[in-house]
Every structure is written in structure tokens, then in C-alpha cells.
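Remarks on the structure that follows.
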Amino acid sequence: MIFQKSHTVLFDLDGTIVRSRDGIVDSIHALLRDLGHEPDMSMDLTWVVGPPLEELIGHVLAHYGDDRVQEAMALYRKHYESEGMHKSPVFDHMRNVIETLSAEGVRLFIATSKPRHLARKILHLRNLVQYFDGLSGARADDSGAEKPELIASLLREHDVRREDALMIGDRRFDISGAHANHVRALGVLWGYGSREELTEAGADALVSQPSELLDAIRQQFAAAEAHPHR
0 MIFQKSHTVL FDLDGTIVRS RDGIVDSIHA LLRDLGHEPD MSMDLTWVVG PPLEELIGHV
60 LAHYGDDRVQ EAMALYRKHY ESEGMHKSPV FDHMRNVIET LSAEGVRLFI ATSKPRHLAR
120 KILHLRNLVQ YFDGLSGARA DDSGAEKPEL IASLLREHDV RREDALMIGD RRFDISGAHA
180 NHVRALGVLW GYGSREELTE AGADALVSQP SELLDAIRQQ FAAAEAHPHR
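With numbering that gives the first Met the number 0, the residue at position 215 of the sequence shown is 214, and numbering never jumps.
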């Protein structure tokens, strides 16, 4: 199908556009050392990409019997802004997806639980910021990071009809956040959420590789036109 000017794609950032796990995990290990802990390298931290920061920091600290969440969050921000965010390469083929959608007139937005200023910095670092019409993210103190509210804000502020929108993300938060706003959602399998997680969240379809994403987006918009009330 040919994209329409009203078609709008909302992208998650971490695990969808950029491979951010290493920078996030390294920042967590650094803050743990600052707090006097030796990081447990056997602890699988892949899951930390996606949830709001306060939630994930609290969970990690509990493993060490520590409850200094606010101090840990401040330390995380320091390490992530100085080093971690630079370890966020774009997934292979995602630049082509974004450039193609933009060239064909699709409106593009970012909906991320990451603070807005950090998300914007990463887009600048990767020379992608010019393709996006807007960005919705958490505040600088990491509050306001819930996906349903972030997506609702984008739809409202940019006058996007829910039937013209499609959310793309790698975690259940992206799927449930979209569906809370009656927006279709594609789950991507190259990020940090499992097939089981995305299926249980009710993803409208799953995409295995970035090279398959453009076709999947076209299919979702075609399905929306055929069945306008999901």
C-alpha cells in the first residue's frame, strides 16, 4: 500500500532503534560500585531496558539489600550521561526504515521512558533527530515515564487520530501503552523483550528483523483501513 499523509508511526527508542543495553548495564554496574557493592556479573540485566528508571533501580538494589534508590538514580544519570548513552548504536537497517518512512511522508515520533533530553541527545548523536516530528519522554527526574501517558500526550499534542497511528516497540510496556490508547502495536524481536512477553501483551503482530519492518508497517495500516475500529 501507499502511505497516507495522515499515517503516523510512534517508535520506542531503546531496543527498537538503538542497541542500548551495554550502556545502561555499564551505568548500573558503575553506580553499584559507587554505593560500595561489587556487581554480581551472574545477574541477567537484559530486562532493565524498558521499565521506568525508579522501578528498575529499586529492583536491582534489592538484590544487594540496599534501598538507596534516589541516590542510585542520581549516580546512574551521571554515569549514563557521561559515558553510557554513547554506547547506543543504531540497529542494522533501522536507519533505512526511518529514512524511507520520512521520505514517503509518514509522520514519525519517539515515545520513550527515557528522559526527553537524553533521547534527543541520542538522536542527535546518531544523526536521526531530523526525521522526527516530535518526542515524548520522561522528565529530567525520570518522572512521567509511563507509556500510556506518553503516547496519549503525543496523540493529543500533535493532533494524531488513533486509527492513523501505529506504535513500534520491543517491550510489553510499548504494547500495553499503545492499546490503552486504542492504537495498534507492532512488537519487534531484535530488542530486549521476548516473543512470549510481546505475545502475552497482545501485540498486533511480531517482526523478527528490521529488514521486515517496512512491510509489517504497511500491513498494519492496511489492516487498520480494512477494520477501522480495533
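Heads up, the beta-carbon is just placed ideally off N, CA and C, and yes, glycines get one too. Quick caveat, the model's predicted, so the values are computed rather than measured.
Within the same chain, Cβ atoms closer than 6 Å to the Cβ of Val24 are found at Leu44, the five residues on either side in sequence being excluded. Every alpha helix (DSSP H) stretch that sits fully inside the stretch 92 to 152 and reaches 4 residues is listed by chain position as 93 to 102 and 115 to 124. Nearest neighbour of Phe90 by Cα position, chosen from Leu153, Arg125, Ala177 and Leu205, turns out to be Arg125.
Between the stretch 178 to 195 and the stretch 133 to 153, the count of C-beta pairs closer than 8 Å reaches three or more; the two stretches touch.
The alpha-carbon separation between Gly186 and Glu195 amounts to approximately 11 Å. Looking at the backbone, the Cα of Glu224 and that of Lys120 are separated by about 36 Å. Distances from the CA of Ser135 to each of Asp203, Met166 and Gln219 were compared; the closest alpha carbon is that of Met166. Counting C-beta pairs with one atom in each stretch, the stretch 92 to 109 and the stretch 61 to 76 have fewer than three that are closer than 8 Å, which means they do not touch.
Scanning its chain for C-beta atoms nearer than 7 Å, with the 5 sequence neighbours on each side dropped, one finds around Leu188 the residues Arg194, Leu205, Val206 and Ser207, in chain order. Between Tyr130 and Gly14, the gap from beta carbon to beta carbon reaches 8 Å or more.
A distance below 7 Å between beta-carbons, with the five flanking residues on each side excluded, links Pro114 to the following residues of its chain, in chain order: Gly136, Ala137, Arg138, Ala139 and Asp141. Per the C-alpha coordinates, the member of Met42, Leu127 and Ala184 positioned closest to Thr198 is Ala184.
Cα atoms of Leu31 and Asp39: separation of roughly 10 Å, rounded to the nearest angstrom.
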